[in-house]
Structures are given as structure tokens and as C-alpha cells.
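Student:
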Ligand SMILES: NC(=O)c1ccc[n+]([C@@H]2O[C@H](COP(=O)([O-])OP(=O)(O)OC[C@H]3O[C@@H](n4cnc5c(N)ncnc54)[C@H](OP(=O)(O)O)[C@@H]3O)[C@@H](O)[C@H]2O)c1
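Numbering (the numbering used here), first residue to last: 5 to 441.
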């Protein structure tokens with residue numbers, strides 16, 4: 005690495021512009037922190053003709069990647085473009101040429117992280133990705149460095165700011181899903197196409213990254229079961245509160261006899277549970293380590309400032325690691341770990357359905373559940389409205405049961421002539437598998 009640190013910025017959007025401004029505005033303090041001056045060579049964008057008032061004056065902007073990727077004196081490439089390609093190709097090219105890479109790209113790291121870490125190691129380069137999970141929350145560094153002495157057994161997280169904002173608005177203020185999502189978009193928390201967030205994809209990327217580091221084996225995004233929040237409605241939040249729970253989009257993975265089960269789905273968490281109290285765009289990750297016990301990391305999960313904080317933190321760590329960046333070398337993740345099927349999960353379940361309001365119906369419902377070995381902890385039946393004859397709402401909480409049996413029971417319930425439509429099913433996490441509240 006040259007006396008100063010030459011940096012190329014791939015992407016000058018919300019995060020990239022914030023990184024560029026901070027490098028310019030705080031140059032002296034950052035030079036002291038890095039132990040050498042940091043020089044930003046330029047920024048890669050899609051449209052170089054677009055005015056960029058958010059960038060420091062005089063910063064060269066290009067739409068030709070080779071100008072930056074092959075430039076003399078560029079030691080560190082910061083990738084804040086997003087998307088899988090061409091970001092992945094640029095990261096690979098930078099690592100192959102021995103340049104260090106800092107990326108905020110969860111999609112690339114969740115799909116190709118293990119190969120990229122191996123490529124970095126083979127080229128004696130550092131690949132740092134603190135910003136890819138939890139925005140400004142330090143979690144990757146602690147996992148690979150500070151907690152390295154632990155055998156991590158479980159990771160539980162609320163790790164998508166958009167969905168957490170939406171769920172918080174519905175739970176707290178009675179907003180509808182559509183209203184809350186539109187508001188999140190207006191406030192810049194949700195993208196114009198929010199499907200990656202609301203369908204659980206984004207959380208699955210992040211959980212795959214955390215799981216690979218925590219369990220030291222290749223866990224990838226397709227290994228993560230996912231179910232989004234689109235089907236939740238106000239009634240679920242009402243019943244959750246009545247039963248003493250909050251609803252969160254839970255990202256949870258656990259090492260069980262050398263195999264991993266990783267899942268993202270809405271879950272009832274006891275109100276006293278630390279993750280139940282993480283509201284709005286905040287994120288939190290809790291880990292169960294052998295030595296440290298339960299540890300929780302919480303903070304702003306997104307936003308240009310928080311994300312730039314993580315990106316520049318990685319850059320400074322690389323700049324300080326003399327001279328090859330080797331001191332920042334992340335452990336390569338090991339071989340692929342076996343993935344446990346969701347069907348074998350054991351937990352409690354909340355089932356909500358509408359059924360004919362007449363004698364004998366409840367016996368049919370409990371019979372269908374009993375036939376699959378699913379036993380009931382409680383049943384709430386709300387009478388049909390005045391115009392008797394309409395369906396009544398039935399809310400069931402089960403004891404611990406197997407996912408496969410509960411899903412089959414739900415199919416059998418739907419087939420009953422007295423039940424209207426498919427039952428709603430939400431997993432309840434209040435036993436093992438989440439931290440003791
Ligand atoms: N925003 C957040 O709060 C946040 C939080 C955590 C992680 N991240 C991650 O940080 C990364 C950047 O996010 P962002 O919000 O800053 O995105 P953004 O505002 O959409 O900015 C993307 C930037 O990359 C450039 N770009 C995109 N595709 C390109 C291509 N094919 N060739 C050249 N330039 C290209 C764009 O150029 P133009 O300006 O010309 O369009 C733009 O400058 C993503 O990986 C994201 O997941 C963001």
C-alpha cells in the first residue's frame with residue numbers, strides 16, 4: 005500500500021455520496037485514525053452526465069469501471085453499487101489484482117461470500133463487509149474477531165428495517181399494512197419495489213452471512229427458509245397483544261448437531277423478549293456464545309450515515325493493517341454445512357381461522373389437530389356478529405408441535421366444510437431457540 009491510501013468508490017448513491025462527503029469533510033481526523041492520508045480517486049456511476057450536488061466538488065466521476073479498477077495507486081475498492089452483477093464481477097476483479105475491497109452488498113456476500121473470502125485470501129487482500137448486515141451496527145467484526153473464542157450456537161435477529169418499521173406502525177398505531185408501507189416509502193425507508201424486504205429476501209441474505217460466520221461453514225441465501233409479512237393483518241396484532249406477544253419478522257438460525265436450520269418468518273415473541281422491544285427502523289442481533297452467553301447488538305439498521313459509518317470503519321481497519329491488509333484477514337468460511345429442513349422445526353403455533361358458529365364445529369377443529377398429534381394450549385372463540393349464522397373467529401395456540409404436522413393439520417382444517425378459507429398460521433417463539441427474556 006502506498007504511503008497514502010488510494011480509494012476507488014464504485015457507486016455514488018445514498019451511501020456512496022455519504023462516504024465521499026465524510027472522507028472529504030473529516031479528512032484530518034480520518035488520516036489520524038488511518039495512520040496515513042486517504043485519497044479518493046473517483047466514483048463509478050451508471051450515468052456520469054447526471055449532476056451530483058451531493059458529491060465533494062472536483063471528485064472525478066466516471067461510468068467506465070476500468071478507469072478506477074485498473075488505476076495506479078488505488079489500494080482499496082469500496083463497492084456501494086448494490087445488486088449482484090456487475091458488482092460481483094468488479095469485486096472479483098479488484099481482489100484478483102490484489103486490491104482490498106470493502107462492500108455493503110448483502111446479496112453478493114450471501115450468495116458468493118465463501119468464494120470471495122477464498123479469493124481474497126489467495127490474493128493476500130482483505131474483503132470487509134461490515135455494512136452488509138445491520139447497517140451501522142458492528143456485528144461482523146465482533147463475530148469474526150471479538151467473539152472468535154466462542155462456539156456460537158444460535159443467532160436471532162430483527163434485521164430488516166423496512167418490515168420492522170411497518171410492523172411497529174401497525175402494532176402501535178393501528179395503521180394498515182398498505183398505509184404503513186406507503187409511509188415507509190415516503191420516508192425513504194422502503195424502496196419503490198419493496199418486495200425484497202416484505203417477502204423476507206433481504207433478511208435471508210443477512211441471516212445467511214451471519215450464519216456462515218457464526219457457524220464457520222458455508223450457509224448461503226437459498227439455504228434460508230423465508231416467509232414475508234404480506235399476510236399479516238390487524239386482527240393478528242390484536243390477538244398477539246391479547247396473548248402477551250409482539251409480532252416481528254424474526255431471522256433465526258441455530259446449530260443443531262453440526263447442522264443448521266436458518267429461517268426468516270413473522271413470529272410471536274413474548275413482549276418481555278429483548279427483540280420484541282426493537283422498534284421502527286432499528287435492528288438487533290443476538291448471539292448465543294459458549295463463553296459469552298447471550299449478547300445483543302442493536303442500532304440503526306440502515307440509512308446513509310449508519311451505513312457509511314460501517315464502510316469507513318472497514319476502510320480505516322484496512323488502512324491501519326500494514327502493509328498488506330493481512331491483519332484484517334477474515335477467516336475463510338469452511339465447507340458447506342448440512343441444512344435442516346423447516347418441516348422438522350418444533351415450536352408453538354398460533355392458528356386463526358373462521359368457522360361456522362354452531363354446535364359440534366369446535367370438536368371437528370380440535371379433532372383435525374388431534375389427529376396430527378397437535379395439542380392445544382388455548383382456544384379463543386369470538387362469537388359471530390349479530391347477524392347470527394356468520395362465521396365465528398377461532399384463535400388457537402398450540403403446545404410445541406412439529407411444523408410438518410401443523411401444516412398438515414392446517415390443510416385438513418381448510419378442507420372441513422365448516423371452516424371458511426385457509427387458517428392463518430404464525431410461529432410462536434417463547435421456549436428454547438430464542439434467548440431467555
Ligand atoms: N441505503 C441504505 O440505507 C443501505 C444500508 C445498508 C446497505 N446498503 C447497501 O449499500 C449499497 C448501496 O446502496 P444505496 O442505497 O447507496 O444505493 P443507490 O442510492 O441506489 O446508489 C447506487 C449507486 O451505484 C451506481 N450504480 C448502480 N449500478 C451501477 C452500474 N451497473 N454501473 C455503475 N454504477 C452503478 C448508481 O449510479 P447512478 O447514480 O448513476 O444511478 C448509484 O450511484 C447496496 O448494496 C445496499 O444494499 C444500503
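Where is the CB? At the ideal position from N, CA and C, for every residue including glycine.
All figures in this text were calculated on a predicted structure; none of them were measured in a lab.
1) Whose CA, out of 72, 28, 430, 26, lies closest to the CA of residue 254?
2) In terms of DSSP beta bridges, what is residue 370 paired with?
3) Can you pull the DSSP bridge partners for residue 269?
4) Can you tell me where the alpha helix (DSSP H) holding residue 141 begins and where it ends?
5) Along the chain, which unbroken stretches of the beta strand (DSSP E) at least 3 residues long are found entirely within the region 271-321?
6) According to DSSP, residue 358 sits in a beta bridge with which residue or residues?
7) Quick check on DSSP: helix, strand or coil for residue 54?
8) Our contact map puts residue 66 next to residue 73 with C-beta atoms below 8 Å; I'd like the distance itself, whole angstroms only.
9) Would you be able to state if there are at least three C-beta pairs under 8 Å between the region 223-239 and the region 137-153?
10) Report buried or exposed for residue 246, applying the criterion of at least 16 other Cβ atoms within 10 angstroms of its Cβ.
11) With 16 as the cutoff for other CB atoms within 10 Å, does residue 128 come out buried or exposed?
12) Quick check on residue 347: does DSSP put it in helix, strand or coil?
13) Go ahead and label residue 150 buried or exposed: buried means 16 or more other beta carbons lie within 10 angstroms of its beta carbon, across all protein chains shown.
14) Could you tell me the distance, in whole angstroms, from the CA atom of residue 268 to the CA atom of residue 158?
15) Kindly indicate which three-state DSSP category residue 212 falls into: helix, strand or coil?
16) Regarding residue 240 and ligand 1, is the C-beta to nearest heavy atom distance less than 7 Å?
17) For the beta strand (DSSP E) that residue 385 lies in, which residues bound it at each end?
18) On the three-state DSSP scale, how would you describe residue 433?
19) Starting from residue 82, follow the beta strand (DSSP E) in both directions and report where the run begins and ends.
20) Kindly give me the distance between the Cβ atoms of residue 347 and residue 224, rounded to whole angstroms, as I take these residues to be in contact under 8 Å.
21) CB of residue 110 to nearest heavy atom of ligand 1: below 7 Å?
22) Find out if the Cβ-Cβ distance for the pair residue 3, residue 432 is shorter than 8 Å.
23) In the structure shown, what three-state DSSP assignment does residue 157 receive?
24) Around the Cβ of residue 277, are there at least 16 other Cβ atoms within 10 angstroms (buried) or fewer (exposed)?
25) Hey, out of 409, 421, 325, 82, whose CA is closest to residue 362's CA?
26) Which residues in the same chain have their Cβ closer than 6 Å to the Cβ of residue 15, if we skip the five residues on either side of it in sequence?
27) Determine whether the beta carbon atoms of residue 147 and residue 211 lie at a separation below 8 Å.
28) Do you know offhand how far residue 91's Cα is from residue 367's?
29) Compute the Euclidean distance between the alpha carbons of residue 81 and residue 41, then round it to the nearest angstrom.
30) Just curious, the alpha helix (DSSP H) that residue 239 is in, first and last residue?
31) Tell me where the alpha helix (DSSP H) around residue 42 begins and ends.
32) Should residue 110 be labelled buried (16 or more other beta-carbon atoms within 10 Å of its own) or exposed?
33) When DSSP labels each residue in this structure, what does residue 16 get in the three-state scheme?
34) Provide the residue(s) that pair with residue 104 in DSSP beta bridges, ordered along the chain.
35) Rounded to a whole number of angstroms, what is the C-alpha to C-alpha distance between residue 437 and residue 274?
36) Decide if the region 286-301 is in contact with the region 116-124; the criterion is three or more beta carbon pairs, one per stretch, under 8 Å apart.
Tutor: The answer reads as follows:
1) Against the chain shown, residue 254 aligns to sequence position 250. Per the Cα distances, 430.
2) Here residue 370 is taken as the residue at index 366 of the chain shown, counted from 1. Answer is none; residue 370 lacks a bridge partner.
3) Mapped onto the chain shown, residue 269 falls at position 265. Answer is 254, bridged to residue 269.
4) Stepping through the chain shown from its first residue, residue 141 is reached at position 137. Counting along the chain, no alpha helix (DSSP H) covers residue 141, and no H or E run does either.
5) The qualifying runs are 286-293, 297-304.
6) To locate residue 358, count along the chain shown from 1; it is residue 354. Per DSSP, the beta-bridge partners of residue 358 are 397, 424.
7) As a working mapping, residue 54 is identified with position 50 in the chain shown. Here DSSP, grouped into helix, strand and coil, assigns residue 54 to coil.
8) Walking along the chain shown from the start, residue 66 turns up at place 62. Walking along the chain shown from the start, residue 73 turns up at place 69. Rounded to whole angstroms, the Cβ separation of residue 66 and residue 73 is 11 Å, and the two are not in contact under 8 Å.
9) Short answer: they don't touch.
10) Residue mapping note: residue 246 aligns to position 242 of the chain shown, counting from 1. Counting Cβ neighbours within 10 Å, residue 246 comes out exposed, since fewer than 16 surround it.
11) To locate residue 128, count along the chain shown from 1; it is residue 124. Result: exposed.
12) The count along the chain shown starts at 1 and reaches residue 347 at position 343. Residue 347 falls in the helix class under three-state DSSP.
13) Taking the chain shown and counting its residues from 1, the one referred to as residue 150 is at position 146. Flag for residue 150 reads exposed.
14) Translated into the one-based positions of the chain shown, residue 268 becomes position 264. Translated into the one-based positions of the chain shown, residue 158 becomes position 154. Each residue's alpha carbon lies about 14 Å from the other.
15) Your numbering for residue 212 matches position 208 in the chain shown. For residue 212, the secondary structure class from DSSP, reduced to helix, strand or coil, is helix.
16) Position 236 of the chain shown holds residue 240. No - ligand 1 has no heavy atom lying nearer than 7 Å to the Cβ of residue 240.
17) On the chain shown, position 381 is the one that residue 385 refers to. Taken as a continuous stretch (DSSP letters only), the beta strand (DSSP E) holding residue 385 covers 380-386.
18) Sequence index remark: in the chain shown, residue 433 carries index 429 (1-based). Three-state DSSP puts residue 433 in coil, outside helix and strand.
19) On the chain shown, position 78 is the one that residue 82 refers to. Element bounds for residue 82: 80-83.
20) Residue numbering aside, residue 347 sits at position 343 when the chain shown is read from its first letter. Residue numbering aside, residue 224 sits at position 220 when the chain shown is read from its first letter. Their Cβ separation, rounded to whole angstroms, is 20 Å, which puts residue 347 and residue 224 out of contact at 8 Å.
21) Here residue 110 corresponds to residue number 106 of the chain shown, with the count starting at 1. Checking every heavy atom of ligand 1 against the Cβ of residue 110, one is found closer than 7 Å.
22) Outside the shown range of the chain (5 to 441) lies residue 3, about which nothing can therefore be said.
23) Here residue 157 refers to the residue found at position 153 of the chain shown. Residue 157: coil per DSSP, three-state reduction.
24) Position 273 of the chain shown, counting from 1, holds the residue named residue 277. Buried, because 16 or more other Cβ atoms sit within 10 Å of the Cβ of residue 277.
25) Counted from its first residue, the chain shown places residue 362 at position 358. Nearest to residue 362 by C-alpha distance, out of 409, 421, 325, 82, is 421.
26) Reading the chain shown from its first residue, position 11 is the one you call residue 15. Result list for residue 15: 84, 85, in chain order.
27) For the purposes of this step, residue 147 is identified with residue 143 of the chain shown, where counting begins at 1. For the purposes of this step, residue 211 is identified with residue 207 of the chain shown, where counting begins at 1. Going by C-beta atoms, residue 147 is not nearer than 8 Å to residue 211.
28) Counting from 1 along the chain shown, the entry for residue 91 is found at position 87. Counting from 1 along the chain shown, the entry for residue 367 is found at position 363. C-alpha separation (whole angstroms): 57 Å.
29) On the chain shown, position 77 is the one that residue 81 refers to. On the chain shown, position 37 is the one that residue 41 refers to. Across the structure, residue 81 and residue 41 are spaced so that their CA atoms are roughly 16 Å apart.
30) Indexing the chain shown from 1 puts residue 239 at position 235. Looking at the DSSP string, the run of the alpha helix (DSSP H) that includes residue 239 is 238-247.
31) As a working note, residue 42 is residue 38 in the chain shown. In this chain, residue 42 is not harboured by any alpha helix (DSSP H); it is covered by the beta strand (DSSP E) spanning 42-48.
32) Within the chain shown, residue 110 is the residue found at index 106, counting from 1. Buried, by the Cβ-count rule.
33) Along the chain shown, one-based indexing puts residue 16 at 12. Of the three classes helix, strand and coil, the one that applies to residue 16 here is coil, per DSSP.
34) Looking up residue 104 in the chain shown gives position 100. Note: residue 104 sits in a beta bridge opposite 80.
35) Counting from one through the chain shown, the residue named residue 437 turns up at place 433. Counting from one through the chain shown, the residue named residue 274 turns up at place 270. In this predicted model, residue 437 has a pLDDT of only 46, less than 50, meaning its place in the structure is not dependable enough to derive any value.
36) No contact exists between the region 286-301 and the region 116-124.
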